[in-house]
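Chemist: Note that my numbering has the sequence shown beginning at 63, numbered continuously upward. For every residue, glycine included, the Cβ atom is placed at its ideal position computed from N, Cα and C. Can you keep this structure in mind? I'll have questions shortly.
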Amino acid sequence: MSIRKSLKKVLPPISVTEQEALDAGDIWIESSIYQGKPDMDALRAVPKAQLSADEQAFMDGPVHELLGMIDDFELANSTHIPKEILDFLGKNRFFSMIIPKKFGGLEFSPYANSTIVATIAARSGAIAVTVMVPNSLGPGELLMHYGTTEQQDYWLPRLAVGQDIPCFALTSPEAGSDAGGIPDAAIVTKGQWNGEEVVGLSVTWDKRYITLAPIATVLGLAFKVYDPNGLLGGKEELGITCALLPKTHPGVELGNRHDPMGQRFYNGTTRGKDVFIPMEFIIGGQKNIGRGWQMLVSCLGAGRGISLPAMGVATAQSSFKAAAEYSFVREQFGLPIGRFEGIQGKMADIAGKTFLLESMRVLTTEGLGMGLKPSVVTAIAKYHMTELGRDVLNSAMDIQAGKAIQRGPQNTLAGAYSAVPIAITVEGANILTRNLMIFGQGAMRCHPYLKEMVDLIHSDDSSADGEFNKVLRKTISFSVKNSLRSIAQSYAPFARNAKSALPEVRKYEKRMNSIAAKLAPLADLSLAVLGGDLKKAELLSARLGDVMSYLYGAMASVRFYEQRIEDRQQARPFFDYAMQWSLMQAEQAIVDFINNFPNTPTRGLMRVLTNTYSNSVSGISDKLVNELAAASMQDSSVKAQLTHLVRVMPGDGNDINEQAFKAKHAVAHLLSKVQKALRKEPVVPFVSFENALNKLQEKGVINASEAEQLHDYNEKRKLAVRVDEFTFDLELLSPEETMPDVTPESDSDKTEAA
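Right, dumping it as C-alpha cells:
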C-alpha cells in the first residue's frame, strides 16, 4: 500500500465548510513568517495608505458633525438611537462606504473605512456598530461580489443612501461559530410568485444576535437548502445558501430586540416559518445555491480586518489619552501619580500596546487596500487587536480608579468598558479565532506544499500516488532546510541578518528572523508527528498561531516606526516597548509549546533545533517602563499621533481632561517655582492651593500674570479630577424606602470625597 493511501485511512476527512474556509482568501506576508523568513522587503514595499481628499473632507465634515450630535451618556440611558442621528447617517451615506460610486456609494478605502469607524467608536460604540455593520459582512458586500446585475442595480443604490437598512442573519440559537450546523432549512418546492407558479424555496429560520435587525428593511439570510423531490435535478443536500428578502415579504419576522451590555445599537432576532421565496431572491441567483459559506468566508475581511480591529484601536487610544492626562494632572503626596512606579507599569503597557495596535491597524488596512483578502492576517487582527484593546482599557480603569467607575458625561472610559466584550464576541468568539482559525488556516495556506499534499491524500484520481510522492519529496526538503536554518539562527547570532537602515530596528529584525526560523521546524514536526490530531490539540496549535501573530505585530511596528514616525527619538520608547513585548510573547509561546508537546523524543529534538533548554525569555526592563511612562505624560507629537482617533468636542470629558493637561504643561515652570518657595517658607496653615498662591503673590514670589495662569490651571485641574454627580430627591422614595437620619455632607466633606 502506498504512503498516500495509508495516510488517507488515518487522516480525518475535511468537511465541506472546512474546505471552503481553507480555500477562501489570499495569503500575504504572513506566509513568509510561517516559512521562517519574514519578508521585510515586501513589507517595506506595501503602498502607504493615506486619506484621499474626499475621505479627508468626509472626516472633517460629516464625521465631525456626527460627533457633535452624539451624547453617549444620554444615549446609554435612552432606549433608542435618536431618529435625527439615524437620518443623518443615511443622508450622508455612512452606510455606503464600501459601495462603488456608480451605485451612489462613497467607495472609500479600507484605511478610510477603519479610520472613520474608529473615530466614531472613540465617541460612541453604539453608533460605531450601527455604521460598521452595513460596511462589513452583509448584503452590501455580498451583492457587490456575487449579486446579479439586476440585484446590484436595484439594491445597492437604495442601500447607498439609507433608503434601505440591511442586516445579515447567520447565527442561530443552536449554531453560533459552527455555521455548518445551522438548522435553518429551505426546501426546494413550487409556489406562487407574481401570479405564476414557479420553482422556489420554502424557508424556515430562527436567528438571534442580528445587528440592525429591529430597524432593518432588507434581510440577508443564510440557510441550508434541500431538494428531496429532485426539482433541480441534482443531489438532495445542496448546502448553505444566502438570500436577500425585503422585510415586507410575507412571513418575514423582524423586530424583537436584545440588550447587548446596555449598548444602544439595534440587535435582535428574525424568524420565519415556511416562507416561500423565488429563486431570484438568492444572492447571485439559482446558480449560487450551495455557495453561501464560500461567499461568506471570502468576504470576512471587512469585519475581521477593518471594523472589529477599529473598535479595539479606538478603545486603546481613548484609554491612552485618558490615562496619560489623568496621570499627569492627578496628584498624591505632592507628586503626579504618573511618577509612581506602580502607575508607571500600567502606563507604559498602555502606551506600548497602543503603538502596537495603531501599527497593526494601518498595516492590515494597507493590505486590504491592495485588493487582498488575507484570511489569516484578518483573523490575527480581529483576535489580538480586540484583546489588546481590552488589556489597555483595563489598565486605564485601574489608573483612573474611582473616577473611572462613576458613570456620567465626563467619564470617557465607562462606555467602552461595557462595549469591549461585544467586539470580542462578534464574528466568532475570540477563543475560536485563536485556537482554531489562526494556525489552522495558517498552516494550510502558508505552507508551500501542505494544502496540495492534503488534497492529493483525499484524491481518488489514479495519478494521485505519483503526484503525492513528488510533493512529499519537496516537503521533506523544505523541512530539512527549515531545521538547518533554525539551528544556524539559534546557535550562531552572527548568522542573523537585517536590512533596515536604522540601527535601533536592525537588532529587532535579527531577533524576528531568529524566532521565525524556530517556528518553521516546530510547525513541520508537529504536523508530522500529530497529523490530523493537531486540529484537536487546540492549546498547542494556538501557541504556534501566537508566534505568527506576534511576529506580524512586530513587522507592523517596524513599518509604522520607519514610515510614519517623524520624531523617532521621541517615539523610541514606544517602539522599543511594542517590539520587546511582541517578541517576548512570541518567545514565551515557543517555550510553552515545546514544554507541552506530548511526544517526548520529538520534544527533545525541538529543543535541539531551537536552542530552547530553559523557560527564560527576554523581558522588559524597569528602565524602559520608567522612560515610556514619562514620555507618555508629555504633550508630544507622538502622543497626538497615537490618540488621533479621539476627536475632542467642546465641553466633553476629553476636552476637560485635555485642557487641564495642556494647562499644567504651560505652567510647569511656575509650579516648580511655587514648590521651591513653599519648601523654603511653607504657608501655614495650608488651607488650599488657591490660598497659597495668594500668599506667594503678596510676598512677590509670583506676579499677577503668573498667579492668573496658575489659578486658571488649578480650576481646570479640579474640574478634570472631579466625577459626575446627580441630584437625589428623597421625597421621590416611598415612605417605607425613606432612609432615616440622613445628614447632609458639608462642603468640605464633598470636596474631600471628590
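Short of 6 Å in beta carbon distance, which residues of its chain neighbour residue 806, apart from the five on each side in sequence? Order them along the chain.
Modeler: One-based indexing of the sequence shown puts residue 806 at position 744. Residue placement at residue 806 is poorly supported in this model, since its pLDDT is 45, which falls under 50; the coordinates are not used for a value here.
Chemist: Output the distance between the C-alpha atoms of residue 475 and residue 455, rounded to the nearest integer angstrom.
Modeler: The residue given as residue 475 occupies position 413 in the sequence shown. The residue given as residue 455 occupies position 393 in the sequence shown. Looking at the two C-alpha atoms, the distance is approximately 8 Å.
Chemist: Assuming residue 694 contacts residue 386 under a Cβ cut-off of 8 Å, what Cβ separation, rounded to an integer in Å, is found between them?
Modeler: As a working note, residue 694 is residue 632 in the sequence shown. As a working note, residue 386 is residue 324 in the sequence shown. That belief holds up - the Cβ atoms of residue 694 and residue 386 are roughly 5 Å apart, short of 8 Å.
Chemist: Within the continuous alpha helix (DSSP H) that includes residue 267, where are the two ends?
Modeler: Numbered from its first residue, the sequence shown carries residue 267 at position 205. Note, residue 267: premise wrong, no alpha helix (DSSP H); beta strand (DSSP E) at 258-273.
Chemist: Please list the terminal residues of the continuous beta strand (DSSP E) segment that includes residue 635.
Modeler: Position 573 of the sequence shown holds residue 635. No beta strand (DSSP E) contains residue 635, which is instead part of the alpha helix (DSSP H) from 630-658.
Chemist: In whole angstroms, what separates the C-alpha of residue 804 from that of residue 791?
Modeler: Reading the sequence shown from its first residue, position 742 is the one you call residue 804. Reading the sequence shown from its first residue, position 729 is the one you call residue 791. No answer about residue 804 holds up, because its pLDDT of 47 lies below 50 and its placement is not dependable.
Chemist: Can you give me the start and stop residues for the beta strand (DSSP E) that residue 339 sits inside?
Modeler: Translated into positions along the sequence shown, residue 339 becomes position 277. Taken as a continuous stretch (DSSP letters only), the beta strand (DSSP E) holding residue 339 covers 329-340.
Chemist: Taking the continuous alpha helix (DSSP H) assigned at residue 768, which residues delimit it?
Modeler: Stepping through the sequence shown from its first residue, residue 768 is reached at position 706. First-last of the alpha helix (DSSP H) with residue 768: 766-783.
Chemist: Spatial neighbours of residue 338 within its chain, please: C-beta separation below 6 Å, excluding the five flanking residues on both sides.
Modeler: Indexing the sequence shown from 1 puts residue 338 at position 276. The answer, listed in chain order, is 253, 262, 264.
Chemist: According to DSSP, is residue 870 helix, strand or coil?
Modeler: Only positions 63 to 816 of the chain appear in this structure, which leaves residue 870 out of reach.
Chemist: Less than 8 Å between the CB atoms is what I'm expecting for residue 418 and residue 644, so what's the real figure, rounded?
Modeler: Residue numbering aside, residue 418 sits at position 356 when the sequence shown is read from its first letter. Residue numbering aside, residue 644 sits at position 582 when the sequence shown is read from its first letter. Yes, residue 418 and residue 644 are in contact; Cβ-Cβ is about 6 Å, under 8 Å.
Chemist: Just to confirm the assignment, what range does the beta strand (DSSP E) spanning residue 308 have?
Modeler: Reading the sequence shown from its first residue, position 246 is the one you call residue 308. Looking at the DSSP string, the run of the beta strand (DSSP E) that includes residue 308 is 299-308.
Chemist: Grab the span of the beta strand (DSSP E) containing residue 228 for me, first residue to last.
Modeler: Locating residue 228 in the sequence shown gives position 166, counting from the first residue. Element bounds for residue 228: 228-231.
Chemist: With a CB to CB cut of under 6 Å and the five nearest residues on each side skipped, what residues in its chain are close to residue 815?
Modeler: For the purposes of this step, residue 815 is taken as residue 753 along the sequence shown, with counting starting at 1. The predicted model places residue 815 with a pLDDT of 35, which falls under 50 and marks its position as unreliable; any figure quoted below should be read in that light. Hits under 6 Å: none found.
Chemist: With DSSP run on the structure shown, which of helix, strand or coil describes residue 250?
Modeler: Walking along the sequence shown from the start, residue 250 turns up at place 188. Of the three classes helix, strand and coil, the one that applies to residue 250 here is strand, per DSSP.
Chemist: Using the DSSP secondary-structure output, state which residues sit across from residue 287 in a beta bridge.
Modeler: In the sequence shown, counting from the first residue as 1, residue 287 sits at position 225. Answer by DSSP bridge pairing, in chain order: 248, 301.
Chemist: How is residue 322 classed by DSSP in three states: helix, strand or coil?
Modeler: Residue 322 sits at position 260 when you count from the first residue of the sequence shown. Coil at residue 322, not helix or strand.
Chemist: Where residue 448 and residue 541 are concerned, what is the direct C-alpha to C-alpha distance, given to the nearest angstrom?
Modeler: If you number the sequence shown from 1, residue 448 lands on position 386. If you number the sequence shown from 1, residue 541 lands on position 479. Computed Cα separation, rounded: 34 Å.
Chemist: By the three-class DSSP mapping on this structure, what secondary structure does residue 398 have?
Modeler: For the purposes of this step, residue 398 is taken as the residue at position 336 of the sequence shown. Reduced to three states, the DSSP call for residue 398 is strand.
Chemist: Please return the same chain residues whose Cβ sits closer than 6 Å to the Cβ of residue 94, not counting the five positions on each side in sequence.
Modeler: Stepping through the sequence shown from its first residue, residue 94 is reached at position 32. 100, 101.
Chemist: At what residues does the alpha helix (DSSP H) containing residue 411 begin and finish?
Modeler: Taking the sequence shown and counting its residues from 1, one reaches residue 411 at position 349. Here the alpha helix (DSSP H) through residue 411 covers 403-431.
Chemist: Shortest alpha-carbon distance to residue 496 belongs to which of 521, 606, 255?
Modeler: To locate residue 496, count along the sequence shown from 1; it is residue 434. The shortest Cα separation from residue 496 among 521, 606, 255 belongs to 606.
Chemist: Take residue 716 as the anchor and find which of 470, 164, 296 has the nearest alpha-carbon.
Modeler: By one-based count along the sequence shown, residue 716 stands at place 654. Residue 716 has its Cα closest to that of 470, out of 470, 164, 296.
Chemist: Taking all protein chains shown into account, decide if residue 400 is buried (16 or more other Cβ within 10 angstroms of its Cβ) or exposed.
Modeler: Start at 1 with the first residue of the sequence shown, and residue 400 comes out as number 338. Classification of residue 400: buried, given that the 10 Å Cβ count is 16 or more.
Chemist: Comparing alpha-carbon positions, which option in 312, 595, 87, 224 lies nearest residue 151?
Modeler: Reading the sequence shown from its first residue, position 89 is the one you call residue 151. Looking at the Cα atoms, 224 is the closest of the given residues.
Chemist: Which residues in the same chain have their Cβ closer than 6 Å to the Cβ of residue 757, if we skip the five residues on either side of it in sequence?
Modeler: To locate residue 757, count along the sequence shown from 1; it is residue 695. If we look at residue 757 and ignore the five residues flanking it on each side, its Cβ neighbours are 745.
Chemist: Give the DSSP-derived three-state secondary structure of residue 90 in the structure shown.
Modeler: For the purposes of this step, residue 90 is identified with residue 28 of the sequence shown, where counting begins at 1. Residue 90: coil per DSSP, three-state reduction.
Chemist: How many angstroms separate the CA atom of residue 406 from the CA atom of residue 133?
Modeler: Here residue 406 refers to the residue found at position 344 of the sequence shown. Here residue 133 refers to the residue found at position 71 of the sequence shown. Approximately 32 Å, taken between the alpha carbons.
Chemist: Would you mind stating whether residue 173 and residue 331 have Cβ atoms separated by less than 8 Å?
Modeler: Here residue 173 is taken as the residue at index 111 of the sequence shown, counted from 1. Here residue 331 is taken as the residue at index 269 of the sequence shown, counted from 1. Their beta carbons are not under 8 Å apart, which means residue 173 does not touch residue 331 by this criterion.
Chemist: With H, G and I counted as helix, E and B as strand and the rest as coil, what does DSSP make of residue 488?
Modeler: Taking the sequence shown and counting its residues from 1, one reaches residue 488 at position 426. If DSSP states are grouped into helix, strand and coil, residue 488 belongs with coil.
Chemist: Using only the alpha-carbon positions, how far apart do residue 510 and residue 302 sit?
Modeler: Stepping through the sequence shown from its first residue, residue 510 is reached at position 448. Stepping through the sequence shown from its first residue, residue 302 is reached at position 240. Roughly 30 Å separates the two Cα atoms.
Chemist: Does the CB of residue 726 have a neighbour CB from chain B at under 8 Å?
Modeler: Among the chains of the structure shown, chain B does not appear; only one protein chain is present.
Chemist: By how many angstroms is the C-alpha of residue 306 removed from the C-alpha of residue 682?
Modeler: Position 620 of the sequence shown, counted from the start, is the residue given in the question as residue 682. Position 244 of the sequence shown, counted from the start, is the residue given in the question as residue 306. When rounded, the distance between both Cα atoms is 52 Å.
Chemist: Hey, out of 388, 588, 409, whose CA is closest to residue 780's CA?
Modeler: Locating residue 780 in the sequence shown gives position 718, where the first residue counts as 1. Nearest C-alpha to residue 780: 388.
Chemist: State the Cα-Cα distance for the pair residue 230 and residue 202, rounded to the nearest angstrom.
Modeler: The residue you call residue 230 lines up with position 168 of the sequence shown. The residue you call residue 202 lines up with position 140 of the sequence shown. When rounded, the distance between both Cα atoms is 10 Å.
Chemist: Pull up the DSSP beta-bridge partners for residue 552, would you.
Modeler: The count along the sequence shown starts at 1 and reaches residue 552 at position 490. The partner list for residue 552 (beta bridge, DSSP) is empty, contrary to what the question assumes.
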